[in-house]
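Here the structure comes first, spelled out in structure tokens, and everything after it is commentary.
There are 2 protein chains.
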Amino acid sequence: MRAEMLTSILSELNGTSADIEASGVISTDGLMMAAVLPQNLDEDRVGAMSAAMLSLGDRTAQELARGALEQVLIKGDKGYVLMTYAGKEAVLTVMAKPNAKLGLIFLDVKRAAESIAGLI
Amino acid sequence: MRAEMLTSILSELNGTSADIEASGVISTDGLMMAAVLPQNLDEDRVGAMSAAMLSLGDRTAQELARGALEQVLIKGDKGYVLMTYAGKEAVLTVMAKPNAKLGLIFLDVKRAAESIAGLI
Chain A
2 MRAEMLTSIL SELNGTSADI EASGVISTDG LMMAAVLPQN LDEDRVGAMS
52 AAMLSLGDRT AQELARGALE QVLIKGDKGY VLMTYAGKEA VLTVMAKPNA
102 KLGLIFLDVK RAAESIAGLI
Chain B
2 MRAEMLTSIL SELNGTSADI EASGVISTDG LMMAAVLPQN LDEDRVGAMS
52 AAMLSLGDRT AQELARGALE QVLIKGDKGY VLMTYAGKEA VLTVMAKPNA
102 KLGLIFLDVK RAAESIAGLI
């Protein structure tokens with residue numbers, strides 16, 4: 002049931018903008034809880050890279066006096082990866098196109114992360 | 002001379018906005034080339050964490066089909082760290098306050114990164 006509700010939140014998120022290509026909810030230890038991904042993206046790979054980035058992001062935020070980690074954004078020339086804590090035990094990872102409007106993505110992702118945090 | 006010109010670009014960058022707290026230019030292997038940091042931030046620590054984040058960011062961008070890495074942004078509850086390639090051999094790392102206006106920071110950092118890339 003919960004997995005279906007998570008998937009439904011992700012489908013809705015992916016539908017809010019044509020710029021969002023994929024999304025997934027991942028436990029902080031890197032295991033996938035729900036995902037709506039295109040065929041070229043592997044669930045395990047998304048989970049593993051999200052967990053690794055968050056772990057190093059946590060440490061960087063601490064070492065550089067930035068407080069508790071909330072978000073990591075990666076920009077490549079072919080698009081974005083945005084990782085956002087959804088509560089303390091899960092992370093919402095979203096992939097977006099290179100020309101995405103970041104302000105809108107941040108807003109939609111924040112709302113989805115709050116819904117996910119309320120479910121878990 | 003070059004170090005002084007880099008430091009001058011960083012001082013100017015830190016001066017463009019009260020939201021920018023610190024900045025540094027780091028070689029892609031993590032060695033500091035120039036820095037304008039407050040006393041509570043250690044040069045070696047900024048260099049090491051920047052190099053580690055960029056290395057994992059490169060790999061994440063590749064594994065998740067985001068192309069060549071351009072930027073990594075970390076948001077903590079006490080502020081931001083923004084790492085931006087300045088050419089292929091150096092990285093501009095900037096630390097900003099939690100309520101910083103990201104659009105302005107991105108713009109100023111992009112300009113500074115272009116100046117730095119032209120110098121190195």
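Protein sequences, first through last, are from chains A and B.
The first sequence lines up with residues 2 to 121 when you count with this note's numbering.
The second sequence lines up with residues 2 to 121 when you count with this note's numbering.
Cβ coordinates follow ideal geometry from the N, Cα and C atoms, glycine included.
Owing to the predicted nature of the structure, the values given are computational and were not obtained by experimental measurement.
Which residues does DSSP pair with residue i in a beta bridge?
i, result
"B:MET50", "Per DSSP, none; premise fails for B:MET50."
"B:SER28", "B:ALA91"
"B:ILE75", "A:VAL73 and B:VAL82"
"A:ILE21", "A:ALA97"
Which one of the options has the shortest CA to CA distance from residue i?
i, options, result
"A:ARG67", "B:LEU70, B:ARG67, B:LEU120 and B:GLY77", "B:GLY77"
"B:ALA97", "B:LEU74, B:ILE117 and B:TYR86", "B:LEU74"
"A:LEU57", "B:MET50, B:PHE107 and B:GLN63", "B:MET50"
"B:ALA36", "B:THR61, B:LEU55, B:SER9 and B:THR85", "B:SER9"
"B:LEU32", "B:GLY48, B:GLN40 and B:ARG3", "B:GLY48"
"B:LEU105", "B:ALA19, B:LYS89, B:ARG46 and B:LEU11", "B:ALA19"
"A:GLN63", "B:MET34, B:MET2, B:ARG46 and B:GLU64", "B:ARG46"
"B:THR29", "B:ALA52, B:ALA23 and B:GLU44", "B:ALA52"
"B:LEU93", "B:ILE121, B:ARG60 and B:ASN100", "B:ILE121"
"A:LEU70", "A:MET54, A:ARG3, A:GLU22 and A:GLU13", "A:MET54"
For the beta strand (DSSP E) containing residue i, name the first residue and the last one.
i, result
"B:ALA35", "33 to 37"
Which first and last residues belong to the alpha helix (DSSP H) in which residue i is found?
i, result
"B:ARG3", "3 to 17"
"B:LEU103", "103 to 120"
Exercise for the section: Scan the stretch 51 to 65 of chain A for residues whose Cβ lies nearer than 7 Å to a Cβ of chain B and list them as they occur along the chain. Expected result: ALA53, MET54, LEU57, GLY58, THR61, ALA62, GLU64 and LEU65
Problem - Interfacial residues, the stretch 64 to 84 of chain B to chain A, with Cβ spacing under 8 Å - result: GLU64, LEU65, ALA66, ARG67, GLY68, ALA69, LEU70, GLU71, GLN72, VAL73, LEU74, ILE75, LYS76, GLY77, ASP78, LYS79, GLY80, TYR81 and VAL82
Exercise for the section: Can you give me, in chain order, the residues of the stretch 36 to 50 of chain A that have a beta carbon less than 7 Å from any beta carbon in chain B? Expected result: ASN41, LEU42, ARG46, VAL47 and MET50
Practice task
Please name the residues in the stretch 90 to 120 of chain B whose beta-carbon is closer than 7 Å to at least one beta-carbon of chain A, in chain order.
Solution key: MET96
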